[in-house]
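These notes are about the structure you will find just below.
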Amino acid sequence: MFTTSKRIRMATGAIGTTVILVLAGCGARAGDDTAAAGASAAASCVDTSGSTIKLGFLNSLTGGMAISEKTVSNVLHMAADEINTSGGILGKKIEYVQEDGATDWPTFAEKTEKLLTQDCVAAIFGGWTSSSRKAVKPVVEKLNGLFFYPVQYEGLESSPNIYYTGATTNQQIIPAMDFLASKGVKRLFLAGSDYVFPRTANAIIKLYAAKLGIQIVGEEYVPLDKDDWTSQVAKIVAAKPDFIFNTINGSSNVGFIKAYYDAGLTPAKTPIISVSIAEEEAPAMGHAVTGNYASWNYFQSLKTDTNPKFIQSWKAYPNSSGVTSDPMEAAYISLYLYKSLVEAAGSFDVNAVNAAAKTHTITFDAPEGKVTLNGKNHHISKPGHIGQINADNQFDIVWASDKFIEPDPYLEGYDWFPADIRKQLVGAAG
45 MFTTSKRIRM ATGAIGTTVI LVLAGCGARA GDDTAAAGAS AAASCVDTSG STIKLGFLNS
105 LTGGMAISEK TVSNVLHMAA DEINTSGGIL GKKIEYVQED GATDWPTFAE KTEKLLTQDC
165 VAAIFGGWTS SSRKAVKPVV EKLNGLFFYP VQYEGLESSP NIYYTGATTN QQIIPAMDFL
225 ASKGVKRLFL AGSDYVFPRT ANAIIKLYAA KLGIQIVGEE YVPLDKDDWT SQVAKIVAAK
285 PDFIFNTING SSNVGFIKAY YDAGLTPAKT PIISVSIAEE EAPAMGHAVT GNYASWNYFQ
345 SLKTDTNPKF IQSWKAYPNS SGVTSDPMEA AYISLYLYKS LVEAAGSFDV NAVNAAAKTH
405 TITFDAPEGK VTLNGKNHHI SKPGHIGQIN ADNQFDIVWA SDKFIEPDPY LEGYDWFPAD
465 IRKQLVGAAG
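Numbering (my numbering), first residue to last: 45 to 474.
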């Protein structure tokens with residue numbers, strides 16, 4: 045049985061050639077009514093008879109991903125407190141059950157089952173890595189639960205039991221590549237953590253790079269729980285790229301940044317564009333990262349009517365990190381979208397909520413702007429932004445999409461992404 049990383053390596057290594065690959069099950073798409081009907085057979089123990097409704101928060105509060113996920117957990121608490129102050133959901137106050145995923149994917153699966161079958165929560169919010177989401181997905185599909193996932197990811201997925209409030213590929217990766225092309229980048233090096241998101245994202249990056257005339261001059265991975273990037277960065281130095289595309293997650297970024305500067309690389313000579321370093325991670329890198337870039341949909345520096353109040357509320361919240369970021373903003377969005385879905389359905393029932401997603405226009409005036417839920421694929425519209433890190437570890441926005449980008453998780457609207465490669469990558473990702 046292949047691991048996810050090994051399946052992805054087989055698929056990505058075979059792009060442009062004949063591929064012999066045993067595809068793993070990829071689950072149902074969100075718009076698959078047959079799958080949703082099958083899921084409805086799972087019995088629910090959710091109790092709606094009282095004045096409260098239980099929701100589950102599942103975040104890595106320990107381990108390598110805690111550097112990022114603690115803030116997501118805390119902002120979920122803030123959103124729940126705000127909703128409770130304003131009257132709750134269908135008149136019921138939120139009673140949240142917090143669990144620690146511990147940066148361990150089997151633990152995410154185990155805690156999901158516990159939350160749904162023992163704590164009887166109506167929905168679960170959390171996760172960060174694609175590996176954590178992939179661990180949760182079969183559990184919520186089997187038990188007909190709901191999972192709200194707040195982080196950018198590699199796309200090529202939808203599920204009747206998952207709502208995705210972070211970016212899919214065409215809302216973050218593709219804008220980043222368009223930005224690099226606009227900067228005249230011709231040589232690009234790919235550095236990622238060794239799991240499903242970076243490997244799948246980089247497979248897509250390589251296809252789009254060929255379309256843009258950008259040469260991929262190297263590709264290196266380090267396991268998520270490892271911090272030593274010395275030998276891999278030496279290969280970057282030798283390759284002499286114009287830019288590094290960073291798909292590293294968690295505290296492994298600290299080791300990568302250390303090796304980057306130890307090797308004499310600088311943002312002036314070899315800048316980095318990241319998709320997982322945000323306002324909270326930047327000052328935790330152990331070295332000033334001024335001048336490097338990140339691709340996100342939300343930055344604290346974003347000028348919208350709704351952002352100042354969000355920032356003020358977050359800074360005043362107990363145990364706040366003091367800075368906002370894209371993943372925590374997307375987590376904040378997720379709880380409010382759930383509230384809107386339940387109220388549109390008039391019910392906490394999963395099937396009723398999913399039906400409401402298709403028959404109602406669900407929007408939220410988010411800090412990033414007014415987002416709209418796509419009821420078929422369970423993703424949301426988002427703006428694209430590129431920020432450059434300044435001396436205050438904030439981001440100066442240097443590029444923005446001219447409109448909100450509609451979610452296209454399977455990249456079906458892009459002619460450079462062949463259907464056969466799509467099928468292979470969907471299967472390999474599991």
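All C-beta atoms, glycine included, are put in the ideal place defined by N, C-alpha and C.
Integer Cβ distance of residue i from residue j, believed to fall under 8 Å
i	j	result
I433	G294	Their Cβ separation, rounded to whole angstroms, is 18 Å, which puts I433 and G294 out of contact at 8 Å.
K420	K402	7 Å
E324	S365	5 Å
I406	A388	6 Å
S345	F439	6 Å
T209	A374	4 Å
L224	I258	7 Å
M26	Y454	Because the chain here runs from 45 to 474, residue 26 falls outside it and cannot be looked at.
Cα-Cα separation, residue i to residue j
i	j	result
Y380	S357	15 Å
D306	L234	19 Å
V367	D91	36 Å
Y239	V266	9 Å
S296	M329	10 Å
F169	R177	11 Å
I248	K230	17 Å
V165	L120	15 Å
L190	Y382	10 Å
G471	E113	28 Å
V141	K255	47 Å
K155	D163	10 Å
R466	P242	16 Å
P204	K284	44 Å
Q215	D222	11 Å
K186	K137	27 Å
D464	Y252	15 Å
F354	F289	30 Å
T274	D459	38 Å
G299	A220	23 Å
L159	S202	22 Å
V281	L268	22 Å
G431	S88	44 Å
Segment limits, alpha helix (DSSP H) that includes residue i
i	result
T213	213 to 226
L251	240 to 256
F300	296 to 306
T403	394 to 403
W149	149 to 161
N103	Segment 96 to 103 is the beta strand (DSSP E) holding N103; no alpha helix (DSSP H) there.
A110	110 to 129
N290	Per DSSP, N290 belongs to no alpha helix (DSSP H); it is in the beta strand (DSSP E), 287 to 291.
Beta-carbon spacing of residue i, residue j below 7 Å
i	j	result
V386	I133	yes
K98	E126	no
A146	G107	yes
S318	A332	no
S174	Y197	yes
V116	M372	yes
L200	L469	yes
Y193	G171	yes
A444	H423	no
A245	V277	no
N437	P327	yes
A211	N341	yes
A124	W149	no
Boundaries of the beta strand (DSSP E) in which residue i is found, first to last residue
i	result
Q432	429 to 433
E264	259 to 266
E185	E185 -> not in any beta strand (DSSP E); alpha helix (DSSP H) instead, spanning 174 to 187.
E456	Here E456 belongs to no beta strand (DSSP E), and DSSP marks it neither H nor E.
V442	439 to 444
Y143	Sequence inspection shows Glu at residue 143; the Tyr mentioned does not correspond to that position. Start and end: 137 to 144.
W273	No beta strand (DSSP E) contains W273, which DSSP labels as neither H nor E.
D409	407 to 410
Y376	From DSSP, Y376 is part of no beta strand (DSSP E) but of the alpha helix (DSSP H) over 370 to 389.
K359	First-last for K359: 351 to 360, but that is the alpha helix (DSSP H), not the beta strand (DSSP E).
Burial state of residue i (16 or more Cβ within 10 Å)
i	result
T151	buried
T291	buried
A473	buried
D452	buried
K426	buried
G131	exposed
N118	buried
N336	buried
E456	exposed
K181	buried
D370	buried
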